[in-house]
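If you read the protein sequences in the order shown, they are chains S and X.
First residue of the first sequence: 397, per my numbering; consecutive thereafter.
First residue of the second sequence: 397, per my numbering; consecutive thereafter.
Number of protein chains: 2
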Amino acid sequence: MSLVLGGKWKGRVSAATAERVRAAAAELGYRPNLAARNLRLGRTRTVLLVVPALTTEFFAGVYTGAARVAARHGFGVVLYPSPEGIGPARDPFASAQSALDGVIASSMAADALSAIRGDRGDRGDQLPLVMLDSDPEGPGTATVNLDIADGVRQVAEHLLGLGHRDFLHLAADVPSWTFEVRARELAARLAGVPGTRLRTVRSPISIKGAEAAVRGALEGAERPTAVVCDDDQLAAGTYKAARRVGLRIPEDLSVTGIDDLAVATAIDPELTTVRLDAELFGERGMRALLAVLEGEEPEEGDIPVSLVVRGSTAAPGA
Amino acid sequence: MSLVLGGKWKGRVSAATAERVRAAAAELGYRPNLAARNLRLGRTRTVLLVVPALTTEFFAGVYTGAARVAARHGFGVVLYPSPEGIGPARDPFASAQSALDGVIASSMAADALSAIRGDRGDRGDQLPLVMLDSDPEGPGTATVNLDIADGVRQVAEHLLGLGHRDFLHLAADVPSWTFEVRARELAARLAGVPGTRLRTVRSPISIKGAEAAVRGALEGAERPTAVVCDDDQLAAGTYKAARRVGLRIPEDLSVTGIDDLAVATAIDPELTTVRLDAELFGERGMRALLAVLEGEEPEEGDIPVSLVVRGSTAAPGA
DNA sequence: CTCGCCAGGTTTTACGTATAACTTCCGCCT
DNA sequence: AGGCGGAAGTTATACGTAAAACCTGGCGAG
């Protein structure tokens, strides 16, 4: 019976019988029991996606992309949002280990990741692990990254081209490789231009937090002419702070973001930002994991990003 | 061995032996095999959450709340975003049926729901189903609702109190009980006040869509003084349309939303809206499902909502 | 002193699947 | 005609757990 549905009955069962079996299965409404199948096969066709928080469009997009590819291959994707979202579920990774074929994890889920690493360190079992947005030299069977460095370079290029020289980097206060890259790349690109100035302010990723964090830097004569934000939410907070201190965007202050979330076009003026294809990111992550499971080489190369120029950037003092 | 870890070894195994077993299990790094356990017990401690799309903060919050309660009871939550997000995965519900203990479904996931209903109709197996935001008289073992009617009533009250009489209802063009309630309740509340006018415009739930849909209604002398939106995203679109036609908010036009998403405070002025506690919604949904599984009666009563008055509403012609 | 009972421990079975191993039957070649 | 090979079909086994069923030995009561 499993032969027929499994599809590999050539030379084992006659075509007529196969058809009879199919008819009978349909008649009785037969559905294979997943638990039994998983037990027998020793694999579950389920992967774990570890994300920092689901409450952001970005990771919702990553999930959607990963789930789409997964479904195409008969896989399912379960989520492991970081503990602060779910509460103190002790070691859900370890307890679910036998129910997983692999893991995809964002480097932004640092806390969850350390739990995983700890567990894997204790014992020998190596569950395939694909890291997203993470140091290629770091842990993980494979790494899939967005070409954030290129995005930051494009932002710097754009602002320099408009004539800006006094920059403020509104950085996400989250310890993650992807944010290190943004800071490093921005500094590197600006270092080549004489007469530029680059200051940095850190903020948690939220509109309110960014507004509070950046406000002081926008007051007084020493204020920058352009604010480069690690994220669209930080940019939205910058809008609010600018309004508070009486600065017009883009006339008095240029602002850029990264992500191209819905909020980027909800605010006025619409935000110049770097578009990240979250769904493609998820797809690539899942494809990489599938490749690892098949024993193949994962696709190489970072995922390209693109600068979307909107109304929040202009020449300084325009 | 399973006895000790199961916790019900009183009168079966001596305390000393239980301790020895525990020590040995820890030593060997023993982890129970989930597939085998599920097969043996005939239940999986996994529930399916059916949502229209994950790319919205709201359902991300619902998931977070549901997952939190689930984790506390040793349950996991897997997602079934509607097909358009995932692609044509045939009948994932049916195929995963044996791997589920129950289902929580939003009425907004109409397409996915019909698949579920169809499958359940064919056969006798009744998987516990908790409906969210849905007609209490409709299908489902239990129903958990937000008190949207009360929220709409508060919005109407607030605007009437400010002196508004000419209303536009920007309605979500999604066939769902929750949106029917909003329309019905708004009309009912306004029907009691002489001299009021209520028009309706429909729009898909997106900023761009709303901007295009509402723009025409804001031009000309016949324009309303207040726009009541089914959702914060629709409100954000209304902001953009208002700006296009040169209307100031709130001086020329009052706008209200529902949800209290991040976008509500990102836009300027901040949006007067009805706060829905998405996480609590998810928690209640999960608790109801757990109650059903335990054979108990689910908690009664709608979840209260609250009007958050911000800067987008004022007296007409202020 | 013997029987019975019960705490404490060991063996057995079933869950539903996938597949290896085994049986049966028929036709064809030598 | 005998046997041999392969197609078609049948039976057996293992996956790892939970729990029922089944042993065992010691102690108290009659």
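Yeah, the Cβ is synthetic: ideal placement off N, Cα and C, and Gly gets one too.
Just so you know, these numbers come straight off a predicted model, no measurement behind them.
Contact with chain X is absent for S/ASP497, since none of that chain's Cβ atoms lies less than 8 angstroms from the residue's Cβ.
By the Cβ test, the segment 458-477 of chain X is not in contact with the segment 645-655 of chain X, since fewer than three Cβ pairs between them sit closer than 8 angstroms.
Listed in chain order, the positions of the segment 651-669 of chain X with a beta carbon within less than 7 angstroms of a beta carbon of chain S are ALA658, VAL659, THR661, ALA662, ILE663, ASP664. Beta-bridge annotation (DSSP): S/MET527 is paired with S/ALA501, S/THR539. Between the segment 558-575 of chain X and the segment 692-712 of chain X there are three or more C-beta pairs closer than 8 angstroms, enough to call the two in contact. Across the segment 430-455 of chain S, CB contacts with chain X closer than 7 angstroms involve LEU430, ALA431, ALA432, ASN434, LEU435, THR440, LEU450, THR451, GLU453, in sequence order along the chain. Under the Cβ criterion of 8 angstroms, S/ARG639 is counted among the residues facing chain X. The beta carbon of X/ALA632 sits closer than 8 angstroms to some beta carbon of chain S. In the three-state DSSP reduction, X/ARG439 falls in the coil class, being neither helix nor strand. For X/ILE645, not one C-beta of chain S is nearer than 8 angstroms to its own C-beta. Rounded to whole angstroms, the gap between the alpha carbons of X/GLY697 and X/VAL548 is 17 angstroms. Taking the CA atoms as reference points, X/ILE500 sits about 49 angstroms from S/GLU553. The beta carbon of X/ILE603 falls within 8 angstroms of a beta carbon belonging to chain S, placing the residue at that interface. Here X/ARG671 carries a strand assignment [DSSP, helix/strand/coil]. With a 10 Å radius around the Cβ and a threshold of 16 neighbouring Cβ atoms, S/PRO448 comes out buried. The C-beta of X/LEU475 comes closer than 8 angstroms to at least one C-beta of chain S. S/VAL705 and X/PRO571 have their C-alpha atoms roughly 36 angstroms apart. Taken through DSSP and simplified to helix, strand or coil, S/THR596 comes out as strand. For X/PHE677, the three-state secondary structure derived from DSSP is helix. Residue burial is scored here from C-beta neighbours: S/GLY616 has fewer than 16 other C-beta atoms within 10 angstroms and is therefore classed as exposed. Contact between the segment 630-646 of chain X and the segment 417-430 of chain X is absent: fewer than three C-beta pairs spanning the two stretches fall below 8 angstroms. Under the DSSP definition of a beta bridge, S/LEU703 partners with S/VAL670. Interface flag for S/GLY707 against chain X is unset, since no Cβ pair is found closer than 8 angstroms.
Counting C-beta atoms within 10 angstroms of its own C-beta, X/PRO700 has fewer than 16 neighbours from the protein chains shown and is therefore classed as exposed. If you check the CB distance, X/ALA658 and X/GLY633 do not come in under 8 angstroms.
Spatial neighbours of X/PHE454 in its own chain (CB-CB distance under 8 angstroms, excluding positions within 5 residues in sequence) are listed in chain order as ASP655, LEU657, LEU672, ALA674.
With respect to chain X, the C-beta atom of S/GLY472 has a partner C-beta closer than 8 angstroms. In this chain, the alpha helix (DSSP H) harbouring X/ALA660 covers 659-662. The three-state secondary structure of S/ALA568, taken from DSSP, is strand. At the C-beta level, S/VAL446 and S/VAL473 stay beyond 8 angstroms of one another. Of the other Cβ atoms in all chains shown, 16 or more fall within 10 Å of the Cβ of X/GLY457; this residue is therefore buried. By the beta-carbon neighbour count (other beta carbons within 10 angstroms, threshold 16), X/PRO620 is buried. Per the coordinates, the alpha-carbon of S/ARG578 lies some 11 angstroms from the alpha-carbon of S/ARG585. For X/GLY653, the enclosing beta strand (DSSP E) has its first and last residue at 650-655.
X/ALA622 and S/SER602 have their alpha carbons spaced roughly 30 angstroms apart.
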